[in-house]
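S.K.: This structure is in structure tokens; I'll ask about it shortly.
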Amino acid sequence: MGETQFHETAAGRRIAYHKTEGRGPGVVFLGGFMSDMDGTKALALEGWARRTGRAFLRFDYSGHGQSSGAFTEGCIGDWAADAQSVIGAVTEGPQVLVGSSMGGWISAILIREIGEKIAGFVGIAAAPDFTEDSMWRDFSPVERAKLLHSGQLYLPSDYGDPYPITRRLIEDGRDNLVLRAPLPMPFPVRLLQGTADADVERQVALSLLDHIEGDDVRLTFVKGADHRFSSPECLALIERSVEEVLA
Numbered sequence: 001m002g003e004t005q006f007h008e009t010a011a012g013r014r015i016a017y018h019k020t021e022g023r024g025p026g027v028v029f030l031g032g033f034m035s036d037m038d039g040t041k042a043l044a045l046e047g048w049a050r051r052t053g054r055a056f057l058r059f060d061y062s063g064h065g066q067s068s069g070a071f072t073e074g075c076i077g078d079w080a081a082d083a084q085s086v087i088g089a090v091t092e093g094p095q096v097l098v099g100s101s102m103g104g105w106i107s108a109i110l111i112r113e114i115g116e117k118i119a120g121f122v123g124i125a126a127a128p129d130f131t132e133d134s135m136w137r138d139f140s141p142v143e144r145a146k147l148l149h150s151g152q153l154y155l156p157s158d159y160g161d162p163y164p165i166t167r168r169l170i171e172d173g174r175d176n177l178v179l180r181a182p183l184p185m186p187f188p189v190r191l192l193q194g195t196a197d198a199d200v201e202r203q204v205a206l207s208l209l210d211h212i213e214g215d216d217v218r219l220t221f222v223k224g225a226d227h228r229f230s231s232p233e234c235l236a237l238i239e240r241s242v243e244e245v246l247a
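Using full-length UniProt numbering, the letters of the sequence shown map in sequence onto residues 1 to 247.
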């Protein structure tokens, strides 16, 4: 896999990344909430990139994986800035973004900020605006009061330790919502969503589809696939989707 490299952002955050050299347009994998760049989908795409000679980048947001900082110090705006900084520093030419879960939200922010550098987008169980439209929406009055008073609460997770949710995460999320206005994406877009996803509702995928403005936008539902979207069949579909966008 090669040695982990590091990029320091203008804000002083040290971002860990792995870059695979190859031809462009390059492919960038953007991971999910509290995940890291060593996940199944990221490594599968890196293997695909090596086999096909394609440039590829995977990285950890600050507070995730091998990057600097504590998770509870971060927020959507910080992680989008991390992504923009490392993409700008270590990639050349146009890039196809592959955003998993929260990475789909980060991708939408990047497309809005540096759209001229983006050649395509593949969303995997993309979760735009989840801090507001899922977390805050579903908090009880007691949980909302606790978050506002103490600045943090914990949510149970199916993937390990409980998620620490900070007041800053929620409030910053409101400053970075993407499903309140049209999303111009004048390049190929493929959205992938499992019907058995317990974390991202099907309506989120449909709402994202409705907000995207573009001539080549497709949404595929996979019956029985869960939020991980990491079965051999799902991984093969991700690879085919990236190849479609690149073609």
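Heads up, the beta-carbon is just placed ideally off N, CA and C, and yes, glycines get one too.
Which whole runs of the alpha helix (DSSP H) in the segment 194-240 are 4 residues long or more, in chain order?
M.R.: Listed in chain order, the complete alpha helix (DSSP H) runs (minimum 4 residues) inside the segment 194-240 are 202-211.
S.K.: What is the DSSP secondary structure of Glu8, counted as helix, strand or coil?
M.R.: Glu8: strand per DSSP, three-state reduction.
S.K.: Measuring alpha carbon to alpha carbon, tell me which residue in Tyr154, Ile170, Gly63 and Gly103 is nearest Gly74.
M.R.: Of Tyr154, Ile170, Gly63 and Gly103, the residue nearest in Cα terms is Gly63.
S.K.: Which value, in whole angstroms, describes the spacing of the CA atoms of Trp136 and Ser107?
M.R.: Spanning the two alpha carbons is a distance of roughly 22 Å.
S.K.: Can you find the residues in the same chain that come closer than 7 Å, C-beta to C-beta, to Asp143, ignoring five residues on each side of it along the sequence?
M.R.: First, the residue type needs correcting, since residue 143 is Glu and not Asp in the sequence shown. Within the same chain, Glu143 has close Cβ partners Leu153.
S.K.: Inspect the beta-carbon positions of Val27 and Arg50 and report whether they are closer than 7 Å.
M.R.: Contact flag unset, no.
S.K.: Can you list, in chain order, the stretches of the alpha helix (DSSP H) that have 4 or more residues and sit fully within the segment 11-66?
M.R.: Entirely contained in the segment 11-66, the alpha helix (DSSP H) runs reaching 4 residues are, in chain order, 40-52.
S.K.: May I ask you to list the residues that DSSP assigns as paired with Ile165?
M.R.: DSSP lists Leu153 as partners of Ile165.
S.K.: Run through the DSSP bridge pairs and tell me what Pro184 is partnered with.
M.R.: DSSP lists Glu213 as partners of Pro184.
S.K.: Tell me which residue opens and which closes the alpha helix (DSSP H) that Ala108 is part of.
M.R.: It spans Met102 to Glu113 - the alpha helix (DSSP H) in which Ala108 sits, taken as one unbroken run.
S.K.: For the beta strand (DSSP E) that Gly74 lies in, which residues bound it at each end?
M.R.: First-last for Gly74: undefined, no H or E at that position.
S.K.: Kindly give me the distance between the Cβ atoms of Gln193 and Leu219, rounded to whole angstroms, as I take these residues to be in contact under 8 Å.
M.R.: Yes, they are in contact, since the Cβ atoms of Gln193 and Leu219 sit about 7 Å apart, within 8 Å.
S.K.: Where does Leu179 sit, in a helix, a strand or coil, going by DSSP?
M.R.: It is coil, neither helix nor strand.
S.K.: Using only the alpha-carbon positions, how far apart do Asp215 and Lys146 sit?
M.R.: Going by the C-alpha atoms only, they are around 45 Å apart.
S.K.: Checking 7 Å against the spacing of the C-beta atoms, do Val96 and Pro186 come in under that value?
M.R.: No. Outside cutoff.
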